[in-house]
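Asker:
Residue numbers (the numbering used here): 100 to 298.
1) Can you list, in chain order, the residues of its chain with a C-beta nearer than 8 Å to that of residue 192? Leave out the 5 residues immediately preceding and following it.
2) By the three-class DSSP mapping on this structure, what secondary structure does residue 156 have?
3) Do residue 164 and residue 181 have their beta-carbon atoms positioned less than 8 Å apart in this structure?
4) With 16 as the cutoff for other CB atoms within 10 Å, does residue 306 come out buried or exposed?
5) Are the CB atoms of residue 137 and residue 173 nearer to each other than 8 Å?
6) Check this for me: beta carbons of residue 222 and residue 200, under 8 Å apart or not?
7) What is the DSSP secondary structure of residue 165, counted as helix, strand or coil?
8) Tell me the DSSP secondary structure of residue 292 in three-state form.
9) Starting from residue 201, follow the beta strand (DSSP E) in both directions and report where the run begins and ends.
10) Would you tell me roughly how many angstroms separate the C-alpha atoms of residue 233 and residue 288, rounded to the nearest one?
11) Can you tell me the Cβ-Cβ gap for residue 248 and residue 267, rounded? I've got them flagged as a contact below 8 Å.
12) Among residues of its own chain, excluding the 5 on either side of residue 261, which ones have a beta-carbon nearer than 8 Å to its beta-carbon?
13) What did DSSP end up calling residue 119 once you bin it into helix, strand or coil?
14) For the alpha helix (DSSP H) that contains residue 194, what are its first and last residues?
15) For residue 253 and residue 195, what's the separation of their Cα atoms in angstroms?
16) Starting from residue 222, follow the beta strand (DSSP E) in both directions and report where the run begins and ends.
17) List the endpoints of the continuous beta strand (DSSP E) containing residue 272.
18) Using 10 angstroms around the beta-carbon of residue 228, count the other beta-carbons present and answer buried if the total reaches 16, otherwise exposed.
19) Check this for me: beta carbons of residue 250 and residue 272, under 8 Å apart or not?
20) Which residue comes first and which comes last in the alpha helix (DSSP H) that contains residue 174?
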């Protein structure tokens, strides 16, 4: 992306209202954001400070550890489907303990499982490059509630406009979406409150 286009895009972004993304959304997408601390260490720290827990690598924490941490109000958790052994029933059990972000970054869960999780108040982030969901799947899930699309692959702008129109929050990563400035602006104009742009 040229400097001129980037400057124009940044100017457009400053005039739009961004969707409120969960605090751990970007933090857990960073490399090396996992932990080697025990559940006891994390619970002690959470007594005095906010803790962001990212399960994005095979670690020391079990489902039961995460449940204990989710019961602590100071813990914000992000769980990656591809990096954990959890099945739908595990994820639903964890949702009873507290709210967390589920990064759907593989094809383990179909649209019906994701609808069940959405109804259980799980904050869902769908990675377009690896989730394996069709446009029809995404629109069907949107009928049950709002979730986030992390756009890291090429999708037609018309599909994205439909997603935003259906109430889905869309995070457009300009370096991997393949969209030009005009297309991004066109998508954002559908509802700028539901579109976040990351150059």
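Glycine is no exception: its CB is placed at the ideal position from the N, C-alpha and C atoms.
Remember, it's a predicted structure, so these values are computed and weren't measured experimentally.
Answerer: On the basis of the coordinates in this document:
1) Start at 1 with the first residue of the chain shown, and residue 192 comes out as number 93. Short of 8 Å from the beta carbon of residue 192, and not among the five residues preceding or following it, lie these beta carbons of its own chain, in chain order: 162, 166.
2) For the purposes of this step, residue 156 is taken as residue 57 along the chain shown, with counting starting at 1. Residue 156 carries a coil assignment under DSSP once its states are collapsed to helix, strand and coil.
3) The residue you call residue 181 lines up with position 82 of the chain shown. The residue you call residue 164 lines up with position 65 of the chain shown. Result no, Cβ atoms of residue 181 and residue 164 do not sit closer than 8 Å.
4) In this structure the chain extends from 100 to 298, so residue 306 is not present and cannot be described.
5) Here residue 137 is taken as the residue at index 38 of the chain shown, counted from 1. Here residue 173 is taken as the residue at index 74 of the chain shown, counted from 1. By the CB criterion at 8 Å, residue 137 and residue 173 fall outside the cutoff.
6) Counting from one through the chain shown, the residue named residue 222 turns up at place 123. Counting from one through the chain shown, the residue named residue 200 turns up at place 101. Cβ distance < 8 Å, so residue 222 and residue 200 count as in contact.
7) Here the question's residue 165 lines up with position 66 in the chain shown. Of the three classes helix, strand and coil, the one that applies to residue 165 here is helix, per DSSP.
8) Along the chain shown, read from residue 1 onward, the residue named residue 292 stands at position 193. Residue 292: helix per DSSP, three-state reduction.
9) On the chain shown, position 102 is the one that residue 201 refers to. Note, residue 201: beta strand (DSSP E), 199-203.
10) Position 134 of the chain shown, counting from 1, holds the residue named residue 233. Position 189 of the chain shown, counting from 1, holds the residue named residue 288. Between the alpha carbons of residue 233 and residue 288 lies a gap of roughly 24 Å.
11) Along the chain shown, one-based indexing puts residue 248 at 149. Along the chain shown, one-based indexing puts residue 267 at 168. Indeed they touch by this definition, with Cβ atoms about 6 Å apart.
12) Within the chain shown, the letter at position 162 stands for residue 261. Same-chain partners within the cutoff: 234, 238.
13) Along the chain shown, one-based indexing puts residue 119 at 20. For residue 119, the secondary structure class from DSSP, reduced to helix, strand or coil, is coil.
14) In the chain shown, counting from the first residue as 1, residue 194 sits at position 95. Per DSSP, residue 194 is one residue of the alpha helix (DSSP H) stretching across 187-194.
15) Residue 253 sits at position 154 when you count from the first residue of the chain shown. Residue 195 sits at position 96 when you count from the first residue of the chain shown. Note on geometry: alpha-carbon atoms of residue 253 and residue 195 lie some 35 Å from one another.
16) Numbered from 1 along the chain shown, position 123 holds the residue referred to as residue 222. It spans 222-226 - the beta strand (DSSP E) in which residue 222 sits, taken as one unbroken run.
17) The residue labelled residue 272 in the question sits at position 173 within the chain shown. Start and end: 268-272.
18) Numbered from 1 along the chain shown, position 129 holds the residue referred to as residue 228. Its Cβ having fewer than 16 others within 10 Å, residue 228 is exposed.
19) Sequence index remark: in the chain shown, residue 250 carries index 151 (1-based). Sequence index remark: in the chain shown, residue 272 carries index 173 (1-based). At the C-beta level, residue 250 and residue 272 come within 8 Å of one another.
20) Position 75 of the chain shown, counted from the start, is the residue given in the question as residue 174. Element bounds for residue 174: not the alpha helix (DSSP H) but the beta strand (DSSP E), 174-179.
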